[in-house]
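Taking it in order: structure first as structure tokens, then the write-up.
Residue numbers (our numbering), protein chains in the order written: chain A, 30 to 506; chain B, 30 to 506.
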């Protein structure tokens, strides 16, 4: 019941854009909760939250808007590109990302819309590429290596390149909600793919007016799994004690020599990237994005980015990195309070708020649907179609409506899109030349912890034999 | 609760091989139920049931067999072909298909095993190729045209060619359990793909000693759907009145000029094939196969095949078509009694019986699992591995164990095969060149009722517009 209550009371998802004084970062929280025991860290963070954008899904209202000129969902529409032409926002980005008051941008929502959708898609990628198969020896990892990620997910259009994968390491006390394989011997039973770092390419950099470094954090679990668990046992996901909090905080800064992608920490790489592009005289921004629990990680990593930049004397001059805009999708989990409470951080409800109404879209079902309302794709749909408060749904929006039902059942039946349609063929099994259905081995570069060495191969084989012996022995006794 | 009770009491699936006096057919029923009002039809069917093979899954026992030399489920095994070399059974087939006592064949099970698996796979194909997507405009049809069916399902190895698709037509009172699209305008809202006719090619004909005509009937629904329905509302599937019975009986003999594949009836084509190959001086057999409710249809069509051959004076000389062996997988649905009771048919529990024990396989979970025990793939696995009663599981069996979990959760976790893994990528949606996810139109030959004409295209477009207008209008009022 705890989770059920949480879903009701914390359903609204917020999206913030904000700026920290030097290494900026963006965080998400909607509650007004000013802790009396302000310490230096709290003050520092408080300073950073002077300009925020909340993006918030509200429960369906009963208000009825007029819908004219709505695109029909037919063959003709299928042949329309999904994205509008890209506008040059080089001279607008500071304004768009919160250096000024958000209010004038939000209603109507002109240039900011595309930016919100872009960062949302970066967060969505962490769901779409995660291996959630508990029978997979790579459970909890990303299905593709970083050079393939955007290509596999159709995100090359955004003009970014993934430079690093972030993993939660064995040295960290892992929260219970992390994905774990049910197998005894896996690629890394105590690691999870937690997100990635990406950098804008030259073309996108010109368009947006600065070199943009993105840190995208993975949400809790695949929405469908989350919902299944919710349906099955109505238990809290299971975070909230001090150890978890400690683990969360260190994910961003942890590193491990024995792994393929975590030889340096995400924090180190971000700093390196900032310095590299700064050295070239470029303007640099840091954007941190995440949905659901990924939003909490985004806030924590933003805090750390700010703290590190001060503590370790990474000098980032104000004129070079004046603003670090960022966007965080967050579910405002109750447990996040537990974590942040310990840190004596300050959350203050400031800035403008963009309220999205599920019932504003004729494509969406209005019935209460915790999974659907929580789904990041639902947010992206509503942002894409938002025109201005009180006015009709934007009829010339182009984002593919089909995406909403990727992992939920939010689209009205008339659209004929099946629920939860985003799935692998045969759950990754393929029929080999002998007619046997097998799960192909991953290419070495898709395995975060190299397991190519003889010793590990041997260990895997022994383990499998033991499994079989145990299995058969159970029939003999 | 009605369905739940049914599942418990009628869980055992039977597989019969038998021969009717002239046009032979095989049926499935395990209950001894001799009706006192015997009519001529009943007597005729009774005569046909002199030799039967029951294949029967029993609830898991607690007996413990020894398992030695069991193949492990590792990489090495993945490289073993799934089928044993084909044996010549030309001089054995009458014996194998029941012209003599089954007893000596069943324990151990030598040549018959491959034959049972072959016909079982023909029945399984009707599940694997059905479009069960209620949002699809082709819901209830076969996803592939008849020329592609075996290729798509990897069944070309069996050496048969599909010659006809069988559809339940609009002139028939359709049972409620048939798949229907939720759309108003579909390929044929009152039709369902019900099975197919296939004929052995020359090579297979030489191997098995006769030209074999197979009629494969589709089961009720996809097992997972059946289970979902069962879980959701515990309601009976909804057949059993006289109209249904009439509809069932006429599926085999119905035809419709306006459709692509039902211009002639299945019955007519079978007779035509029999006459064609008989005209060439070949020995011909008719094999009817089906699982679950498909088993009931197999029995009914077998009865009709026999009746027609007598009533319409299709002369099939005894020396040319002396035996029409067949195999039926049937769940023995309670409702089947309703249908057959009306016909005053006779069922008598005769012939040998092969009892399959779920707990004889170390690969299978033993917990009570109505979906898993009902699954045709579970049967095929147990037949493939069966050696003889009381002896160990056959260690050199080659059929891919992975297949068992296609649409259920019967395999032990140690094998690392996810449940219900047999699924289309993205439920059939593909990303087009504009980045939109769309369901591709079917190739014309994959649409049973041609809809290429302008009138129908126009009608479809009008209908879609009306749907949209209704949808948007609901927001305006």
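Don't be surprised by glycine CBs; every beta carbon is placed ideally from N, CA and C.
- In the three-state reduction of the DSSP assignment, residue 440 of chain A falls in the strand class, which pools E and B.
- With contacts defined as CB atoms closer than 7 Å, residue 246 of chain A and residue 170 of chain A fail to qualify as a contacting pair.
- Residue state for residue 157 of chain A is assigned as helix, using DSSP reduced to three classes.
- The beta-carbon of residue 158 of chain A is placed no less than 7 Å from the nearest beta-carbon of chain B.
- Residue 159 of chain A counts as buried, since at least 16 other C-beta atoms from the protein chains shown sit within 10 angstroms of its C-beta.
- Per DSSP, reduced to three states, the secondary structure at residue 225 of chain A is strand.
- Straight-line measurement puts the Cα of residue 194 of chain A at about 6 Å from the Cα of residue 226 of chain A.
- In the same chain as residue 189 of chain A, and ignoring 5 residues on each side of it, the C-beta atoms closer than 8 Å to its own belong to 151, 179, 227, 228, 229, 230, 233, 241 and 243, in chain order.
- Between residue 437 of chain A and the set A:289, A:393 and A:415, the nearest pair of CA atoms involves A:393.
- Closest in alpha carbon position to residue 427 of chain B, among B:464, B:434, B:475 and B:409, is B:409.
- Within chain A, not a single residue places a beta-carbon under 7 Å from that of residue 231 of chain B; the smallest gap is close to 23 Å.
- Residue 402 of chain B counts as buried, since no fewer than 16 other beta carbons sit within 10 angstroms of its beta carbon.
- The beta carbon of residue 461 of chain A is closer than 8 Å to those of 467 in its chain, skipping five residues each way along the sequence.
- Closest in C-alpha terms to residue 148 of chain A, from the list A:418, A:454 and A:315, comes A:315.
- If you draw a straight line from the Cα of residue 404 of chain B to the Cα of residue 449 of chain A, it comes to about 24 Å.
- Sequence-distant partners of residue 435 of chain A (beyond 5 residues in either direction) whose C-beta falls short of 6 Å from its own C-beta, in its chain, are 406 and 451.
- Rounded to the nearest angstrom, the gap between the Cα atoms of residue 299 of chain A and residue 162 of chain A is 30 Å.
- By a beta-carbon distance limit of 8 Å, residue 119 of chain A does not contact residue 307 of chain A. Their separation comes to about 18 Å.
- In this model, residue 465 of chain B and residue 172 of chain B are separated by some 22 Å (Cα to Cα).
- Its Cα nearest to that of residue 312 of chain B, the residue B:239 stands out among B:442, B:239, B:327 and B:174.
- Sorting A:459, A:475, A:454 and A:431 by C-alpha distance to the C-alpha of residue 447 of chain A places A:431 at the top.
- In the structure shown, residue 239 of chain A falls within a coil segment according to DSSP collapsed to helix, strand and coil.
- Annotation: Cβ neighbours of residue 431 of chain B in chain A (cutoff 8 Å, chain order): 458, 465, 466 and 467.
- Contact residues of the segment 162-196 of chain B toward chain A are 162, 163, 164, 165, 166, 183 and 186 (C-beta to C-beta distance below 9 Å).
- In the structure shown, the three-state DSSP call for residue 111 of chain B is coil.
- Listed along chain B, no residue sits closer than 7 Å to residue 247 of chain A by beta-carbon distance, the nearest being about 21 Å off.
- For residue 310 of chain B, there is no enclosing beta strand (DSSP E), since its DSSP letter is neither H nor E.
- Leaving aside the five residues that flank residue 157 of chain B on each side, the residues in its chain whose CB is nearer than 6 Å to its CB run, in chain order, 182.
- Shown here, residue 193 of chain A sits in a strand according to DSSP, grouped into three states.
- Per DSSP, residue 413 of chain B is one residue of the alpha helix (DSSP H) stretching across 405-414.
- Shown here for residue 425 of chain B: not one same chain residue has a beta carbon closer than 6 Å to its own, the five before and five after excluded.
- When secondary structure is reduced to three states using DSSP, residue 185 of chain A falls in the helix class.
- Shown in chain order are the members of the segment 433-456 of chain A whose Cβ falls below 8 Å from a Cβ of chain B: 441, 442, 443, 445, 446, 447, 450, 451, 452, 453, 454, 455 and 456.
- By the C-beta density criterion, residue 310 of chain B is exposed, having fewer than 16 other C-beta atoms within 10 angstroms.
- Here the alpha carbon of residue 422 of chain B sits roughly 52 Å from the alpha carbon of residue 319 of chain A.
- Residue state for residue 280 of chain A is assigned as helix, using DSSP reduced to three classes.
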